[in-house]
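*Asks:* Chains as they are written, first to last, in this note's numbering: chain A, 1 to 391; chain B, 1 to 398. The beta carbon of each residue, even a glycine, is placed where N, CA and C say it ideally should be. If you're wondering where the values come from, they're calculated on a predicted model, not measured in any experiment. Structure below; questions to follow.
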Ligand SMILES: Cc1cc2nc3c(=O)[nH]c(=O)nc-3n(C[C@H](O)[C@H](O)[C@H](O)COP(=O)(O)OP(=O)(O)OC[C@H]3O[C@@H](n4cnc5c(N)ncnc54)[C@H](O)[C@@H]3O)c2cc1C
Ligand code: SF4
Ligand code: SF4
C-alpha cells in the first residue's frame with residue numbers, strides 16, 4: 001500500500017535497527033511515508049540520511065497497515081543516488097560480482113593481501129570499513145564443480161548467488177549433493193549476481209542487467225519443469241520480490257512464482273512423502289539467528305522445522321535482532337559505527353543463551369555474528385548435511 | 001507443494017491470538033500464527049486492563065451491556081485466563097504482578113492515575129496514596145514523555161534530566177542494554193542526592209531484561225523504583241509482544257509474519273486452508289481449525305467503508321450499529337461512540353453467528369459489543385476470549 005495508508009502508529013519505528021542506534025536517521029515512519037509527501041519528481045532530493053537505511057525490511061514486516069515502508073525508502077535512495085555522485089565504495093560494492101570473480105581467480109593472493117595493514121589503509125581511503133575481516137575467496141567456486149547431479153521426478157535449478165559461489169562453495173556443494181541424495185535432479189546453470197548489491201548501492205541499471213540475465217536462464221528451466229531453489233535469503237528475496245517489483249523484469253512474475261527457499265523445498269519433499277529425512281544425533285546447542293530477509297520473505301522459518309527433527313540438537317531461535325551488516329552496508333566506513341553497535345547487541349543476546357554455535361541462512365549474518373561472539377557460525381544446511389552423513 | 005496441515009491456524013498475532021496459540025501449543029497442538037503486522041499491544045502500556053468500573057474488575061461484569069463478550073466467558077473463565085497469562089509470563093524476563101480480583105492504579109505520563117489490573121513487575125511499585133515524595137528521572141530531549149505534565153500542580157513530585165545523547169524511547173532503551181551506559185547513569189543518580197522516596201523513570205529501562213536492569217539500578221541507588229509508561233512507541237508494549245512471540249516460537253509454533261490473507265479455501269462447512277498474499281506464488285497454510293483474532297479497526301480486522309463495516313479475512317457478517325449517522329457522538333472525546341460496538345457476533349461456542357463455517361472461532365477486539373475504550377477492557381478481553389476460544393477449539397479437535 002502507498003504512503004497514504006500510514007496511520008502514524010509508530011510500530012515500524014519500534015522495529016528499525018538503524019533508528020535504535022543512530023540518532024541521525026529519523027526512522028522508517030519519517031523517512032518513508034512522512035517524507036514521501038514532500039518528494040517530488042522534478043526536485044532534487046535533500047534527504048541525505050535516507051541512505052542510512054540498511055533495507056533490512058523490518059519496518060515493512062511489522063507495519064499493521066501494509067504500507068510498503070522500505071520500498072518507499074528504497075525508491076527514495078535510488079532517486080537520491082541518481083541525482084548525486086555516489087561515493088567510490090558504492091560503485092565497488094554495487095559490482096561485488098566482478099570483484100568476487102577477480103578475488104576468486106586470484107584467491108591465494110587476494111586473501112593474503114586483503115589482510116595486510118597497507119591494504120587496510122587503502123580500503124579505508126576508499127570508504128571501506130576495515131574493522132571486520134574481509135570475506136576470503138575460494139578458487140574452486142561452485143561454478144567450477146559438478147553442474148548436474150541426481151536423478152528423480154523432482155527437478156530443481158539451484159540459484160546459489162555470489163557468496164556460496166565465491167566464498168563458501170563447500171556449502172553449495174553440500175546442498176547440491178543433499179538434494180541429489182534425496183532423489184532430486186539438480187542443475188547449476190551459469191548465473192550472475194542476483195542484483196541486490198547493485199540495488200543497495202543505488203545502481204538500478206546494473207541491478208536490472210543482472211536480473212534480466214538470470215531471469216532468462218531460470219525461466220528456460222522453469223519451462224522445462226524445474227523449480228528454482230535458493231539458499232541465500234537475500235538473493236531469494238530479490239528473486240521473489242524485486243524481480244517482478246522494483247526491478248520490473250519481464251519474466252519477473254514467472255521467477256517469483258516458481259522460486260523456493262531450499263529448506264522450504266526440503267520440508268515439502270518430506271511432508272509430501274516424496275522423501276524421508278532420518279537425521280542422526282547431533283549433540284549441540286545452537287542459536288539460530290533469523291536473517292532479516294528470511295523474516296521479510298514471510299514463509300515462516302522452514303530451516304528451523306528441519307533442525308527440530310535432528311535428535312540431540314537444542315535450537316534457540318533468535319529473531320529480534322538485525323546483525324547490522326546488511327550485505328555491503330556494514331562494510332562502508334560511514335556505516336561502520338551503526339553496524340558495530342547492532343552486531344554487539346545481537347551478539348550479547350546470543351551470548352546470554354550459552355550456545356556452542358550460531359546458525360544462520362545468511363553468509364553476512366554469520367560473518368558478523370561469528371566476529372562479535374567468537375563462536376563458529378554455520379548455514380542450517382551444513383548441520384542438516386552433517387546429520388545425514390553419520391551412519 | 002502442500003505443507004503440513006496445522007491443527008490450528010490463528011489469524012492475527014495480537015494479545016488474543018497469542019493467548020489462544022500459547023494455550024494450544026501447551027496442549028501439544030501444532031499451531032501457526034499468520035499476521036499482517038505487529039499488534040496494538042506494541043502501542044499499549046503493557047498493563048492488562050480488565051474492567052475499570054469497580055474495585056474488583058469482575059464485579060463490573062453484571063453491569064455490562066447484555067451482548068458483551070465477557071458474559072460468554074464468565075467470571076471463572078476470565079480468572080482462569082488471566083491466571084494462565086500470569087503463569088506464562090512468570091518464566092519470562094517480564095513477569096506480571098497483581099490478581100484478577102483487584103484493580104489498582106498506575107501513574108501515567110500525563111500525571112493522572114490509570115486504573116488497570118495486572119501490571120508488569122517494573123510498574124508494580126507505581127505511586128500509591130502513601131507515597132509522600134517521588135522523584136522522576138527522565139532524559140534530555142526525550143520525545144513522547146514530558147515530566148512537567150506529571151509534576152505540574154503537584155508538590156510531591158520533582159524531576160531531573162539525564163543527557164543520554166539520544167532522544168527516542170527506543171534509542172534510550174537500547175542504551176540501557178549496555179552495562180557501561182548503566183554504570184555511568186547510576187553514578188550520575190548517586191551524585192544527585194535525591195530526597196527520600198521512590199524514584200520513577202519513563203519506561204525505557206532496556207528491552208530484553210527490564211526487571212533485571214530495574215533491580216540493578218534499585219539496588220545500587222538504594223531506592224524503590226518503578227517505570228511510567230510513555231506515549232507510543234511504547235517499550236513495555238513492545239516487550240510484551242516480543243515476549244509472547246518468542247514464547248510461542250519456543251513452544252514449537254510457526255509464524256508467518258507481515259502477510260495478508262489472499263484467499264480462503266473451504267469445503268462444505270469446513271475451512272481447509274488460507275493462502276497468503278506474497279509476490280509471485282501465494283503460500284498456502286492448511287489447518288483443521290481456525291481462530292480469527294485480527295482485531296478491530298486499528299489493526300485492520302474490521303474495515304469501514306462509507307456505509308458499512310467489513311470483516312477483512314472471511315467476509316463474515318458484521319454487527320453494525322445503525323447507519324453512519326448513528327456511529328459517532330457529537331463530541332469526539334466523549335466515551336462510548338456507537339461504532340465501538342461494531343464487530344463479529346459469536347454464539348456461546350465462539351463461532352460467528354449466521355455463517356456456515358463449523359471450524360472457525362473468533363476472539364479478541366474484533367468481537368462485537370466489546371466497547372473497549374468505554375469499558376477499559378482491552379488486553380483483558382483479548383486474553384479472556386482468546387483463552388476461551390482456544391479451549392473450545394481444543395474440544396472441537398478432540
Ligand atoms: C494506543 C492504544 C493503547 C492501548 N493501551 C492499552 C493498555 O494499556 N492496556 C490494555 O489492556 N489495553 C490497551 N489498549 C487496547 C488493547 O491494546 C487492545 O484492545 C487489544 O490488545 C486487542 O488485542 P487483539 O488481539 O484483539 O487485536 P490486535 O492487537 O489488534 O491484533 C490483531 C492482529 O491481527 C493482524 N491482522 C489484522 N488483519 C489481518 C489480516 N487480514 N490478515 C492477517 N492478520 C491480520 C494485525 O496485524 C494484528 O497483529 C490500547 C489500545 C490502543 C489503540
Ligand atoms: S507501522 Fe505502518 S502505519 Fe504505522 S507508522 Fe509505520 S508505516 Fe505508518
Ligand atoms: S528497512 Fe530496516 S533500516 Fe530501513 S527503515 Fe526499515 S527497519 Fe529501518
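Give me the subset of the stretch 253-266 of chain B whose CB atoms are less than 8 Å from a CB atom of chain A, sorted by chain position.
*Replies:* 254, 255, 256, 257, 258, 259 and 260
*Asks:* Mind checking whether the beta-carbon of residue 246(A) lies closer than 7 Å to any heavy atom of ligand 3?
*Replies:* Not under cutoff, so the answer is no.
*Asks:* Specify the secondary structure class of residue 7(B) as computed by DSSP and reduced to three states.
*Replies:* strand
*Asks:* Tell me which same chain residues have a C-beta within less than 6 Å of the C-beta of residue 5(A), skipping the five on either side of it?
*Replies:* 65 and 67
*Asks:* Would you please verify whether the beta carbon of residue 395(A) is less than 8 Å from any beta carbon of chain B?
*Replies:* Outside the modelled stretch of chain A, which goes from 1 to 391, sits residue 395(A), for which no answer is possible.
*Asks:* For a test of your reading of the model: does the CB of residue 206(A) fall under 7 Å from any non-hydrogen atom of ligand 1? Yes or no.
*Replies:* In this structure, the C-beta of residue 206(A) stays at least 7 Å away from each heavy atom of ligand 1.
*Asks:* Nearest-angstrom Cα distance between residue 235(B) and residue 16(A)?
*Replies:* 13 Å
*Asks:* Determine, using beta carbons only, whether residue 358(A) and residue 286(A) come nearer to each other than 8 Å.
*Replies:* yes
*Asks:* At a threshold of 7 Å, does residue 282(B) count as lining ligand 1 (C-beta to nearest heavy atom)?
*Replies:* no
*Asks:* Can you give, in chain order, each stretch of the beta strand (DSSP E) that sits fully within the stretch 12-82 of chain B and has at least 3 residues?
*Replies:* 31-35
*Asks:* On the criterion of 16 or more Cβ atoms from any shown chain inside 10 Å, does residue 369(B) qualify as buried, or is it exposed?
*Replies:* buried
*Asks:* Beta-carbon of residue 400(B) versus every beta-carbon of chain A: anything under 8 Å?
*Replies:* Any question about residue 400(B) goes unanswered here, given that chain B covers just 1 to 398.
*Asks:* If you measure between the beta carbons of residue 60(A) and residue 296(A), is that distance less than 8 Å?
*Replies:* Between residue 60(A) and residue 296(A), the CB-CB gap stays under 8 Å.
*Asks:* Just how far apart, CA to CA, sit residue 352(A) and residue 45(A)?
*Replies:* 43 Å
*Asks:* Closer than 8 Å by C-beta to residue 154(A): which residues in its own chain qualify, once you throw out the five before and the five after it? Chain order, please.
*Replies:* 183, 184, 185, 227, 269 and 274
*Asks:* DSSP three-state call for residue 390(B): helix, strand or coil?
*Replies:* helix
*Asks:* Taking the continuous alpha helix (DSSP H) assigned at residue 212(A), which residues delimit it?
*Replies:* 204-223
*Asks:* CB residue 230(A) to CB residue 161(A), shorter than 8 Å?
*Replies:* yes
*Asks:* Who are the Cβ neighbours of residue 105(B) in its own chain at under 7 Å, not counting the five residues just before and after it?
*Replies:* 113, 114 and 115
*Asks:* Within the same chain, show all residues whose beta-carbon is closer than 6 Å to that of residue 356(B), passing over the 5 residues directly before and after it, in chain order.
*Replies:* 269
*Asks:* Please list, in chain order, all residues of the same chain as residue 362(A) whose beta carbon is under 6 Å from its beta carbon, the five residues on each side excluded.
*Replies:* Answer for residue 362(A): 233 and 291, listed in chain order.
*Asks:* At a cut-off of 7 Å, would you count residue 301(B) as near ligand 2, judging by its Cβ distance to the nearest heavy atom?
*Replies:* no
*Asks:* In chain order, what residues of the stretch 7-34 of chain A put their CB closer than 9 Å to some CB of chain E?
*Replies:* In summary, chain E is missing from the structure at hand, where the protein chains are A and B.
*Asks:* Specify, as a first and last residue, the run of the beta strand (DSSP E) that residue 315(A) falls within.
*Replies:* 313-318
*Asks:* Would you check whether ligand 2 has a heavy atom nearer than 7 Å to the C-beta of residue 41(B)?
*Replies:* Shortest gap from the CB of residue 41(B) to any heavy atom of ligand 2: 7 Å or more.
*Asks:* Can you list, in chain order, the residues of its chain with a C-beta nearer than 7 Å to that of residue 78(A)? Leave out the 5 residues immediately preceding and following it.
*Replies:* So the qualifying residues of the chain are 202 and 204.
*Asks:* For residue 309(A), tell me which candidate among 371(A), 190(A), 27(A) and 277(A) has the shortest Cα-Cα distance.
*Replies:* 277(A)
*Asks:* Check whether the Cβ of residue 261(A) lies closer than 8 Å to any Cβ atom in chain B.
*Replies:* Not an interface residue.
*Asks:* In three-state terms, what does DSSP make of residue 327(B)?
*Replies:* It is helical.
*Asks:* Under 9 Å, CB to CB, which of the residues in the stretch 285-310 of chain A have a partner in chain B?
*Replies:* If the cut-off is 9 Å between Cβ atoms, the stretch 285-310 of chain A has 295, 296, 297, 298, 299, 300, 301, 302, 304, 305 and 308 near chain B.
*Asks:* Just to confirm, is the Cβ distance from residue 199(B) to residue 225(B) under 8 Å?
*Replies:* yes
*Asks:* At a cut-off of 7 Å, is residue 31(A) close to ligand 3 when judged by its beta-carbon and the heavy atoms of the ligand?
*Replies:* For ligand 3, at least one heavy atom lies less than 7 Å from the Cβ of residue 31(A).
*Asks:* Tell me which residues share the same chain as residue 7(B) and place their Cβ nearer than 8 Å to its Cβ, disregarding the 5 neighbours each side in the sequence.
*Replies:* 24, 29, 30, 31, 287, 288, 289 and 397
*Asks:* So which residues on chain B does residue 395(A) lean against when the C-beta distance must stay under 7 Å?
*Replies:* Outside the displayed range of chain A (1 to 391) lies residue 395(A), so it cannot be described from this structure.
*Asks:* Ligand 2 heavy atoms versus the CB of residue 321(A): any closer than 7 Å?
*Replies:* no
*Asks:* Per DSSP, residue 361(A) is paired with what?
*Replies:* In DSSP, residue 361(A) forms no bridge with anything.
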